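Chains as they are written, first to last, in the working numbering: chain E, 3 to 311; chain U, 555 to 994. Note that the Cβ used here is the ideal one computed from N, Cα and C, for glycine as well. Source: prediction; values computed, not measured.
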Amino acid sequence: MTTSTPRPLPASIDDTLKLLTAGQYVGDRSLATVLFLALKMGRPLFLEGEAGVGKTEIAKVLAQTLGRKLIRLQCYEGLDISAAVYEWNYAAQMIAIRLGEAEGSTDRGRLEHDVFSERFLIKRPLLQALEPSAAGAPVLLIDELDRTDEAFEAFLLEVLADYQVTIPELGTVKAEHPPIVIITSNRTREIHDALKRRCLYHWVGYPDAERELSIVRTRVPGIDQTLSAEIVHFVQRLRRLELFKAPGVAETLDFATALSELDVVALDPATVSDTLGVLLKYQDDIARLDGTKVKELLDDVRAQMKAAE
Amino acid sequence: MVVAHLISAMPDRLPPSRLATLADLPLKGGGETEQSSADTAAPGRLAENIVYFARALRAAGIPVGPGSVMDALEALRVAGITNREDFYWTLHAVFVKRHEHTILFDQAFRIFFRKRAYFDQLMAMMLPQVVPQPDNAPPPPAAKRVLDAMFKSQQKPADEKKKEVEIDARLTVSDREVLEKKDFAQMSAAEIAEARQAIARLVLPLDEVKTRRLKVSPHGHMIDLRRTLRSSMKAGGAVIDLKYLGPRTRQPPIVALLDISGSMSQYTRLFLHFLHAVTDARKRVSTFLFGTRLTNVTRALKQKDPDEALAACSGGVLDWSGGTRIAPSLAAFNRDWGRRVLGQGAVVLLITDGLEREPGNQLGFEMDRLHRSCRRLIWLNPLLRFEGFEAKASGIKVMLPYVDELRPIHNLNAMKDLCRALSSDGDGKAEAKYWLNKVA
Chain E
3 MTTSTPRPLP ASIDDTLKLL TAGQYVGDRS LATVLFLALK MGRPLFLEGE AGVGKTEIAK
63 VLAQTLGRKL IRLQCYEGLD ISAAVYEWNY AAQMIAIRLG EAEGSTDRGR LEHDVFSERF
123 LIKRPLLQAL EPSAAGAPVL LIDELDRTDE AFEAFLLEVL ADYQVTIPEL GTVKAEHPPI
183 VIITSNRTRE IHDALKRRCL YHWVGYPDAE RELSIVRTRV PGIDQTLSAE IVHFVQRLRR
243 LELFKAPGVA ETLDFATALS ELDVVALDPA TVSDTLGVLL KYQDDIARLD GTKVKELLDD
303 VRAQMKAAE
Chain U
555 MVVAHLISAM PDRLPPSRLA TLADLPLKGG GETEQSSADT AAPGRLAENI VYFARALRAA
615 GIPVGPGSVM DALEALRVAG ITNREDFYWT LHAVFVKRHE HTILFDQAFR IFFRKRAYFD
675 QLMAMMLPQV VPQPDNAPPP PAAKRVLDAM FKSQQKPADE KKKEVEIDAR LTVSDREVLE
735 KKDFAQMSAA EIAEARQAIA RLVLPLDEVK TRRLKVSPHG HMIDLRRTLR SSMKAGGAVI
795 DLKYLGPRTR QPPIVALLDI SGSMSQYTRL FLHFLHAVTD ARKRVSTFLF GTRLTNVTRA
855 LKQKDPDEAL AACSGGVLDW SGGTRIAPSL AAFNRDWGRR VLGQGAVVLL ITDGLEREPG
915 NQLGFEMDRL HRSCRRLIWL NPLLRFEGFE AKASGIKVML PYVDELRPIH NLNAMKDLCR
975 ALSSDGDGKA EAKYWLNKVA
């Protein structure tokens, strides 16, 4: 993870795809295209999609494979400048003032200059991302932007336009090399068009069976071939039901790991019913899938797999 | 073919200045074929095609600005396109900014770059052939939506013109905003106009909830260290003058679900005016219409002029004055929109008479889910205008236990009451329990 040598950016879409694969991320070509363009054009990448489809993972893999530092800003309601950009170390400042007093210094201008210097500045993710780094421009992950409010979005717009922030007491900090910015959203509210316009947009959807299978086999090494195929087809079948919250890829991986830990070799209705809580997170959804329904689905899945062979 | 017609109907030439700037962008770094042909063919052809394609997208309803066209050209330049799929996703990355636009983009792309050979030609930067195609192949599944979208925006100017003529002819008659697709028999035009103006004058409540964000407040409960330190600098640090912060408040989002079925048709238009006034005055208001299916008209209502907003609303809705299927509509809302618009403590206004013909288990289930997903669920029922209203209809009985408040909304006074109610927790009479007890 903490590689200090930055690797060059991929030179083509194919290279980008290889890069993702090297980071154990099984992506499709559309993702590689948009990622390549974002890197090449120096634009932020805006990833939207349901929870648990691997949006955050893209940033992590990117940082890891490019040998860059990953700076993560997790958004939440009430996120403000002091948590996102910078804050002054007030305690240290007060001590400095007291010391100044004790020394008998009365020059107000000098005191102010001393107290509001970089020494007392606590840097938060956005400011950190603008700093020069030996490992090259970092990857800045702004996670779940939809959780914060419009005011922060507007501020972010300003930062992303010029890659600079102004600290009134200190001056303007401008990034020498703009960071690689990845923004994710779960779409619990609509992000303003102005911000989206500045970014390249990509919708991260649920993968198809083939890709999901290779994701499971990559991420849960040593899993049984038949079991993994059954799990993936079962989950794919579940997503076609009208559930309140369809299981994401993260849930599939949890399910696969759980069954693999339990030394299950093939899916049977009883095991599935017992472990359904790993896949479905709403009681209504779980209640809909009783024993007979699960059996029906499993039979369906087996028939489908047989037909595919 | 409508699209082909539309595309061919576009002006042949762009303003020379803009064309020149686009044509100046060289196309480099691609495959060998591109390199060789770039020397001979005019590189401006690709730019021109992208401009045309952007227009087609705009016509289909995807907001594409000139900035995106420049982005697209740059993206194509850096990506070094060699195959159709990359070309598709490169344009997709630049032009599509919303998930629901993907399907429109897909169709527009297919129609625009229909012939495979044409794509190759484009790659070789030859003259485009956007001529109408003989219409013998069956249209792909989602084509209709794109065609509709393109068709609609094409027809719009004609509509507006027609409206103007009407106004001239009628002179002083003030019901020019009559929505075409539904009946509105019971109120006279004068009454409607009056009511409309009154609605526009309604003072909307400033109901506010505390957020976790802080603001300067002399009576706040937290010390603002930053300002405290700054102000203490004034005295050279000798005196520390404490400054305080308090919580910032903001208006919670409002989500309105408006029933537009036949039994509600006398009210829908005025309610839409009301919702337009609300949308105009507040920041986060989402409006959905439902009869037999659910339609999101939030964007349409954001237009400043109420008449245009309402016309835009009715344009997108197919089930005016039809039947009601409350449960499936609520299910669709819960499934597709609940998580997207009910965040951050939303207040839901459910405007319906609750006359569901066959309220099954689903209605209660979906109401329960809706109630649990929002901060406050207010049911506005025009049936409450009748003296001695009792919750007897089975649909109403099923829905009542899940709402926080039940209020009338049949006249202006009721609307005013609602405005007042939004800012407080309401009186006991509005509580759903009151009506449940009354029936028991």
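Listing by chain order, which chain U residues have their CB less than 7 Å from the CB of Lys42 of chain E? What Lys42 of chain E touches in chain U: Val632.
What residues in the region 809-820 of chain U bring their beta carbon closer than 7 Å to a beta carbon of chain E? Correct list: empty, as no residue qualifies.
Within-8 Å CB hit, Gly897 of chain U to chain E: Interface residue, yes.
Close beta carbons around Phe659 of chain U, own chain, < 7 Å, minus the five adjacent residues each side: The residues are Leu611, Ile616, His646, Phe649 and Val650.
Does the Cβ-Cβ distance between Ile932 of chain U and Phe825 of chain U come in under 8 Å? 8 Å or more divides the Cβ of Ile932 of chain U from the Cβ of Phe825 of chain U.
Between Val650 of chain U and chain E, is the shortest Cβ-Cβ distance under 8 Å, so that the two count as touching? It does: the Cβ of Val650 of chain U has a partner Cβ on chain E nearer than 8 Å.
Only counting runs of 4 or more residues, tell me where the alpha helix (DSSP H) segments fall wholly within the region 913-950 of chain U, in order along the chain. If only complete runs of 4 or more residues are kept, the region 913-950 of chain U shows the alpha helix (DSSP H) at 915-927, in order along the chain.
Is Val763 of chain U near Thr803 of chain U, with beta carbons less than 8 Å apart? Contact flag set, yes.
For a contact meaning CB atoms closer than 9 Å, what does Asp195 of chain E contact in chain U? At a C-beta separation below 9 Å, Asp195 of chain E has these neighbours in chain U: Pro617, Lys651 and Arg652.
Taking just the CA atoms, how far does Arg199 of chain E sit from Gly621 of chain U? Going by C-alpha positions, Gly621 of chain U is about 9 Å away from Arg199 of chain E.
Just to confirm my understanding: we take Ala626 of chain U, look at its own chain, exclude 5 residues before and 5 after, and list those with CB closer than 8 Å. What are they? Here the set comprises Ile604, Ala608, Thr644, Leu645, Val648 and Phe649.
Three or more C-beta pairs below 8 Å linking the region 207-214 of chain E and the region 60-80 of chain E: With contact defined as three or more Cβ pairs closer than 8 Å, the region 207-214 of chain E and the region 60-80 of chain E are not in contact.
Would you call the region 44-55 of chain E and the region 103-122 of chain E in contact, with 3 or more CB pairs under 8 Å? Segments in contact, no.
Simplified DSSP assignment, three categories, for Trp205 of chain E: DSSP places Trp205 of chain E in strand when its eight states are reduced to three.
Which of the three DSSP states is assigned to Leu158 of chain E in this structure? The three-state secondary structure of Leu158 of chain E, taken from DSSP, is helix.
C-beta contact flag for Val141 of chain E and Leu64 of chain E at 8 Å: Yes. Within cutoff.
Give a yes or no on whether 8 Å exceeds the smallest Cβ distance from Glu762 of chain U to chain E. It does not: the Cβ of Glu762 of chain U has no partner Cβ on chain E nearer than 8 Å.
In chain E, which residues lie less than 7 Å from Ala835 of chain U when you measure between Cβ atoms? None at all; the shortest Cβ gap to chain E is about 16 Å.
Identify, in the order they occur along the chain, each residue of the same chain with its Cβ nearer than 6 Å to the Cβ of Leu812 of chain U, setting aside the five sequence neighbours on each side. Counting only residues of its own chain and dropping the five nearest sequence neighbours on each side, Leu812 of chain U has a CB closer than 6 Å to the CB of Phe825, Leu843 and Ile905.
Three-pair Cβ contact test at 8 Å for the region 35-47 of chain E versus the region 223-234 of chain E: Between the region 35-47 of chain E and the region 223-234 of chain E there are fewer than three C-beta pairs closer than 8 Å, too few to call the two in contact.
So Tyr642 of chain U is in the alpha helix (DSSP H); what residue range does that whole segment cover? Segment Arg638 to Phe649, the alpha helix (DSSP H) holding Tyr642 of chain U.
Hey, would you say Val237 of chain E sits closer than 8 Å to Ala260 of chain E, going by beta carbons? The answer is no: Cβ separation not under 8 Å.
Nearest-angstrom Cα distance between Asn91 of chain E and Leu101 of chain E? When rounded, the distance between both Cα atoms is 15 Å.
According to DSSP, residues forming a beta bridge with Asn850 of chain U: DSSP, once it has assigned bridges, lists U:Phe842 as partnering Asn850 of chain U.
Comparing the C-beta of Leu783 of chain U with each C-beta of chain E, is any distance below 8 Å? With its beta carbon less than 8 Å from one in chain E, Leu783 of chain U belongs to the interface.
From Met1000 of chain U to Lys837 of chain U, what distance separates their C-alpha atoms? Nothing can be reported for residue 1000 of chain U, as the shown portion of chain U is limited to 555 through 994.
6 Å CB neighbourhood of Gly29 of chain E in its chain, flanking five on each side removed: In chain order, Leu22 place their CB closer than 6 Å to the CB of Gly29 of chain E, counting only its own chain and leaving out the 5 sequence neighbours on each side.
Just the Cα atoms here: how many angstroms apart are Arg926 of chain U and Leu884 of chain U? Taking the straight line joining both Cα atoms gives about 13 Å.
Would you verify that the beta carbon of Thr575 of chain U is, or is not, closer than 8 Å to some beta carbon of chain E? Confidence at Thr575 of chain U is low in this model, with a pLDDT of 36, below 50, so the placement of that residue is unreliable and no value is reported for it.
Alpha carbon to alpha carbon, what distance is there between Glu944 of chain U and Trp874 of chain U? Distance from the CA atom of Trp874 of chain U to the CA atom of Glu944 of chain U, rounded to whole angstroms, is 27 Å.
So, His830 of chain U versus Leu864 of chain U, is the Cβ gap smaller than 8 Å? Yes. Within cutoff.
Please return the same chain residues whose Cβ sits closer than 6 Å to the Cβ of Lys1 of chain E, not counting the five positions on each side in sequence. Any question about residue 1 of chain E goes unanswered here, given that chain E covers just 3 to 311.
Of the residues E:Glu263, E:Thr228, E:Ile217 and E:Phe246, the one placed nearest Ala252 of chain E, counting alpha carbons only: When C-alpha distances from Ala252 of chain E are compared across E:Glu263, E:Thr228, E:Ile217 and E:Phe246, the shortest belongs to E:Ile217.
Report yes if the C-beta of Ala104 of chain E is less than 7 Å from at least one heavy atom of the ligand ZN; otherwise report no. Absent from the structure shown: the ligand ZN. Ligands present: none.
From U:Gly877, U:Asp640 and U:Cys867, pick the residue whose C-alpha is nearest to that of Asp907 of chain U; which is it? Among U:Gly877, U:Asp640 and U:Cys867, the Cα nearest to that of Asp907 of chain U belongs to U:Gly877.
Assuming Lys856 of chain U is part of the alpha helix (DSSP H), what are its boundary residues? Element bounds for Lys856 of chain U: n/a, residue is neither H nor E.
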